[in-house]
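Asks: Heads up: the sequence shown begins at 107 in the numbering used here, then just goes up one per residue. Heads up, the beta-carbon is just placed ideally off N, CA and C, and yes, glycines get one too. Take a look at this one; I'll ask things after.
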Amino acid sequence: MWIQPEEVLLAGALWVSERANPFFILQRRRGHGRGGGLSGLLVGTLDVVLDSSARVAPYRILLQTADSQIYWNIACGSSRKEITEHWDWLESNLLQTISIFDNDEDVTTFVKGKISGIIAEENRLKPGEEQEEDCGKFREAELKMRKLFGMPDEEKLVNYYSCSYWKGRVPRQGWLYLSVNHLCFYSFLLGKEVTLVVQWTEVTQLEKNATLVFPESIRVSTRHTEHFFSMFLNINDTFKLMEQLANIAMRQLLDNEAFAADRSLPKPCKTLKNVSALKRDLDARAKNERYRAMFRLMQDERLDGHTDCTLWTPFAKMHVVGQLFISNNYICFNSREEDLCQLIIPLREVSIVEKADSSSVLPCPVSISTKNKMNFLFANLKDRDFLVQRISDFLQRTPDSSWGDTSPLSLIGHSAASGVSSSSSAGSESVHRGRHYHPGLPTASQGLLQLYHRDAPEDLGPKAMKEKMKEEAWNIHFSEFGRGVCMYRTSRTRELVLNGIPERLRGELWLLFSGAQNEMATHPGYYGDLVEQAMGLCSLATEEIERDLHRSMPEHRAFQNETGIAALRRVLTAYAHRNPGIGYCQAMNIVTSVLLLYCTEEEAFWLLVALCERMLPDYYNTRVVGALVDQGVFEELTRAFLPLLYEHMQELGVISTISLSWFLTLFLSVMPFDSAVLLVDCFFYEGIKVIFQVALAVLHDNMDALLSCSDEGEAMTILGRYLDNVVNKQTVAPPIPHLHALLTSGDEPPPEIDIFDLIKSSYEKFGSLRSDVIEQMRFKQRLKVIQSLEDTAKRSVVRAMMTESAFTIEELEELYCIFKSKHMTSCYWGSSSSAADRHDPSLPYLEQYRIDPVQFTQLFTALGPWICGGHTPTLSARLFRLLDQNQDGLVNFKEFITGLSGMYHGDMTEKLKLLYKLHLPPALCPEEAESALEATHFFTEDEPRESSFLSDLDLLGQEVTSGEEGKEGGGEADKKKEEKVKDYRYYLRMWAKEKEPKRETIKDLPRMNQGKCSVQFVKDTSTSGNGGGPSHLTGADWSQV
């Protein structure tokens, strides 16, 4: 290929000149292609260790001039044919032109300009944009990877690193290539070549460790082996990238979604050295995920940038040091000291952005005012002008902003009240227009608890007074720290949450802390549209919802009538319609029913969205992967904090049993409602961390009793009775009986445990848990869980196919892996149809993965025993059409094994039968059938009597039959001849008959009176057993014939 001209000082070092003229030299790398002996081995080793391009491009063309000692490398090639084409082009197009130049500098300038022009033209014609962002060195490494490991152009390199691969006890120095779908390593030392390719989808464990044998190494484990890599320049960056790529692969296995590069990523101002566009993309994704998790923002929110600054906090009368984050819809601040201050300002709420006057006390300040009259002052900003301009740009794109063509900066000093009022009224109109789910419904404007407490007399008892004191404390907090989405969130906010949120404020604060309020505000009318669309639709999800509606908190009076049940039905059905990938999962009904007690229907819906898609990822899919992952995390935390109990619990197998129900329902199904709802308060503020803390605290409080248990049932009873007696002594509402407690209460009820004491204990003993550590542990467990589920699926498929094929267990397992790998390959390398469209998790495992004709031909060519040269593609296409029973252009694993088993393990009769069917529709496509008919007419046009081959066979059969009737005592030779003719004719006739449409032979049963019922049934059963429908001849039947 042509390359940007680069200087070469020593043209003869390690290279051999093969052709030359006054201006160009064609060279070959020493030791390539013709042996080379020891010098060739040394050169090859140097090329690998120093990452020389000569390893992948052993030919090059240099530009030389007579008076200069400097050469210019203008082309390289991986083969003699490629470099010869470039050489011939130079001789025919440039040599004659540059020979008339008088000055050597003009020759060099002209050739360099010409080559650069060729490269620019090639780049312009190339499809895609990401290739142009990568530097020449990186594109060279990508070409090298494809050549060394046989990868197609669709495989994109993310980054490559120099490292050592430990093969046995010997480290092999080489290069590690990390692509989107593979981990590859190559080393060449003194003639010893090491090549390794591992698919990310096969990785079961990824660990960074340091031992005496492997100093600071990365261990990559698959199902069958382990690989160790060490001697990295920056092991942390390498490991983070490997984690990201493994995570993407797990997502492919889980959702069957291929990796898609982010086309909207802004291009860098200059080409970054040795950093690919994909690496920038993945780095940006990692930052976006951390940003969204930190501030509970929506999945499509993208971080634009962040900078150090200070924020003036009026409640503390001080400047707080932290970081300012700007994204397409939000301005966020997080203090450097944990829990000191956090702030989220939606751009839809911003009214004024202005640069305040700088001073020595307050350098480079920016003031941001919101529509609800709050003012925020940021200072110590490094590039204030650029920051204000970025905020202005995003404000222009904000849908709810009323700037029009006016920049928000021009609003400095002017009131934006008129703009705010018009915007808010327009927003409210759109909300009311969008609510198609009858705003007159009781649950459209208030929660179910408000609905049932509306007519209750006012309670003036001590508990009610304490509830009013809580409300007053929150009102004081609102007046000091602000109310709504722009509220300052501090350690004081956490204290109020841990003391319990008042019932009147619970719905509002759940929406605020979960981030659901932002989603609801930016999608007015969305829930109403969903309810209208889902109304009357019937699916598996709606059937499961109907079955579970009356099991959702049946002890609560809000769900003992149609008002609560109908609201729950609408919310669950709307979410199933929004997210068919999840649809409906058990435990969603319990959580949603609690949300409806304190929120309106629309608010409950958006809280459910936040739970399922952000706060509890993958919890409620068909395989509850997220809950299984957190179960593994909980086991790991138990081993770290309670090692003695962990060993004993593992022997009993209790942890895996208890934790699933605890996490899926956030303790709502195992704890009295009034107590569990306080944990939900903490969960919406702290996230999953608080659930882990409380679970560990429960085990710690019962440690002595659990250590004395001898079986799983005894341990489950101890934990169940403990949780049944966790009470909320401050609740205002009358206690709701817990069904589990009623069923498991013994003669002597255990002592009551105050929920506030339990929460306080969990923070004191296990408050050191950090969210980022939990995320790291989740990644590790996700690899194990998903690969374990894949192994379970494989075992299920193998068990199901054992009775339907003659392959052994080992053969079926290997064939399943190959078949699935072919499907996954189409996921990331493309195919004639989308792999995601061909993967349906709702189907049985046998039918989930399906391949198209192109992939089937590849597998048939590699595995099929009937390989017949140029006819193989035709044979493969016919077999595919024969196996594709539902005519959807796809073949599942069951159909694939059926065809392959017949070819490998069928007897001669079955193989002949299969071959015969390959010459009839549907295996024979219409075009092939037409050409076959033309050929038949061509060869039989002189014999009009023999119009059909099978009719001749029928006549022959009649003659043979009549001959048998007339000559019963014929000779032995005649008998053999007759049997042979009959056998041949009979096979073809029966195979043809199988293709005929079957006639219905079912008759209506005669009416039976009561007395003759049993007798008549026996008669009909015996008759139908002999009559039957059209028979299907097996190999055994044929042998009898």
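Is it the case that the Cβ atoms of residue 176 and residue 217 are separated by a distance below 8 Å?
Replies: Cβ distance not < 8 Å, so residue 176 and residue 217 don't count as in contact.
Asks: Could you spell out the range, first to last residue, of the beta strand (DSSP E) harbouring residue 1150?
Replies: Nothing in the structure corresponds to residue 1150, since the chain is present only between 107 and 1147.
Asks: Quick check: the stretch 915-925 against the stretch 758-768, are there 3 or more CB pairs under 8 Å?
Replies: Because the criterion of three Cβ pairs below 8 Å is not met, the stretch 915-925 and the stretch 758-768 do not touch.
Asks: Between 458, 461, 415, 406, which lies nearest to residue 434 when the distance is taken from Cα to Cα?
Replies: The candidate whose alpha carbon is nearest that of residue 434 is 406.
Asks: Can you list, in chain order, the residues of its chain with a C-beta nearer than 6 Å to that of residue 439? Leave out the 5 residues immediately preceding and following it.
Replies: Cβ within range, chain order: 417, 428, 430, 449.
Asks: Beta-carbon within less than 6 Å of residue 1054's beta-carbon, same chain only, minus the 5 sequence neighbours each way: which residues are those?
Replies: Caution applies to residue 1054, whose pLDDT of 40 falls short of 50 and renders its modelled position unreliable; the value that the coordinates give is listed next. Correct list: empty, nothing qualifies.
Asks: Secondary structure at residue 190, three-state DSSP: helix, strand or coil?
Replies: Helix at residue 190.
Asks: Tell me, please, whether the CB atom of residue 169 is closer than 8 Å to any CB atom in chain B?
Replies: Among the protein chains of the structure shown there is no chain B, as only one such chain exists.
Asks: Hey, quick one: how far does the alpha helix (DSSP H) through residue 266 stretch, first residue to last?
Replies: No alpha helix (DSSP H) contains residue 266, which is instead part of the beta strand (DSSP E) from 263-273.
Asks: Roughly how many whole angstroms lie between the Cα atoms of residue 322 and residue 337?
Replies: The alpha-carbon atoms of residue 322 and residue 337 are separated by roughly 8 Å.
Asks: What's the gap between the Cα of residue 598 and the Cα of residue 586?
Replies: C-alpha separation (whole angstroms): 11 Å.
Asks: Please name the residue in 452, 787, 288 whose C-alpha comes closest to that of residue 504.
Replies: Residue 504 has its Cα closest to that of 452, out of 452, 787, 288.
Asks: Are the stretch 712-724 and the stretch 617-635 in contact at 8 Å, needing three or more beta carbon pairs?
Replies: Contact holds: three or more Cβ-Cβ distances are below 8 Å.
Asks: Helix, strand or coil, according to DSSP, for residue 585 in the structure here?
Replies: Three-state result, residue 585: helix.
Asks: What does the Cβ neighbour count give for residue 121, buried or exposed, with the cut at 16 atoms within 10 Å?
Replies: Buried, because 16 or more other Cβ atoms sit within 10 Å of the Cβ of residue 121.
Asks: When you compare only the Cα positions, how much space is there between residue 867 and residue 414?
Replies: Each residue's alpha carbon lies about 36 Å from the other.
Asks: Count Cβ pairs between the stretch 893-907 and the stretch 821-835 that sit closer than 8 Å; are there 3 or more?
Replies: The stretch 893-907 vs the stretch 821-835: no contact.
Asks: Compute the Euclidean distance between the alpha carbons of residue 655 and residue 674, then round it to the nearest angstrom.
Replies: The alpha-carbon atoms of residue 655 and residue 674 are separated by roughly 7 Å.
Asks: Judging by CA-CA distance, which residue of 838, 806, 188, 974 is the nearest neighbour of residue 569?
Replies: For the residues 838, 806, 188, 974, the minimum Cα distance to residue 569 belongs to 838.
Asks: Would you call the CB atoms of residue 921 and residue 865 closer than 8 Å?
Replies: Contact: no.
Asks: Please report the Cβ distance between residue 1150 and residue 555, rounded to the nearest whole angstrom; I am assuming they are in contact, meaning their Cβ atoms lie under 8 Å.
Replies: This structure does not reach residue 1150, given that the chain is present from 107 up to 1147, and the question cannot be answered.
Asks: Determine the direct distance from the alpha carbon of residue 612 to that of residue 707, and round the result to whole angstroms.
Replies: For residue 707 and residue 612, the distance between alpha carbons rounds to 15 Å.
Asks: Which stretch, first to last residue, makes up the beta strand (DSSP E) that contains residue 456?
Replies: It spans 456-461 - the beta strand (DSSP E) in which residue 456 sits, taken as one unbroken run.
Asks: Give me, in chain order, the residues of the same chain whose beta-carbon lies closer than 6 Å to that of residue 497; leave out the 5 immediate sequence neighbours on both sides.
Replies: Result list for residue 497: 459, in chain order.
Asks: Grouping DSSP H, G and I as helix and E and B as strand, with all else coil, what is residue 1143?
Replies: With a pLDDT of only 38 at residue 1143, under 50, the local geometry of the prediction cannot be trusted, and the value read off the model is given with reservation. Helix at residue 1143.
Asks: Please name the residue, chosen from 432, 447, 408, 401, that lies closest to residue 423 on a Cα-to-Cα basis.
Replies: With distances taken between Cα atoms, residue 423 lies closest to 447.
Asks: Is the stretch 297-314 close to the stretch 347-356, with three or more CB pairs under 8 Å?
Replies: Yes, the stretch 297-314 is in contact with the stretch 347-356.
Asks: Only counting the same chain, and skipping five residues up and downstream in sequence, which positions put a Cβ closer than 6 Å to that of residue 1000?
Replies: 952, listed in sequence order.
Asks: Drop a sphere of 10 angstroms on the beta-carbon of residue 1076, count the other beta-carbons inside from all chains shown, and report buried for 16 or more, exposed for fewer.
Replies: Its pLDDT being 48, under 50, residue 1076 is placed unreliably in this model, and the value from its coordinates should be taken loosely. Label assigned to residue 1076: exposed.
Asks: Give me whichever residues DSSP pairs with residue 956 in a beta bridge.
Replies: Answer is 998, bridged to residue 956.
Asks: Closest to residue 265 by C-alpha separation, out of 273, 288, 551, 412, would be which residue?
Replies: Closest by alpha carbon: 288.
Asks: Please name the residue in 689, 738, 759, 420 whose C-alpha comes closest to that of residue 727.
Replies: When only C-alpha atoms are compared, the closest one is 689.
Asks: Would you call the stretch 963-983 and the stretch 871-884 in contact, with 3 or more CB pairs under 8 Å?
Replies: Too few Cβ pairs lie closer than 8 Å, so no.
Asks: What residue does the beta strand (DSSP E) around residue 131 start on, and which one ends it?
Replies: Residue 131 -> beta strand (DSSP E) spans 130-135.
Asks: Any idea what DSSP makes of residue 298, helix, strand or coil?
Replies: Strand, per DSSP.
Asks: Quick one: using the 10 Å Cβ neighbour count with 16 as the cut-off for buried, is residue 276 buried or exposed?
Replies: Burial call: exposed.
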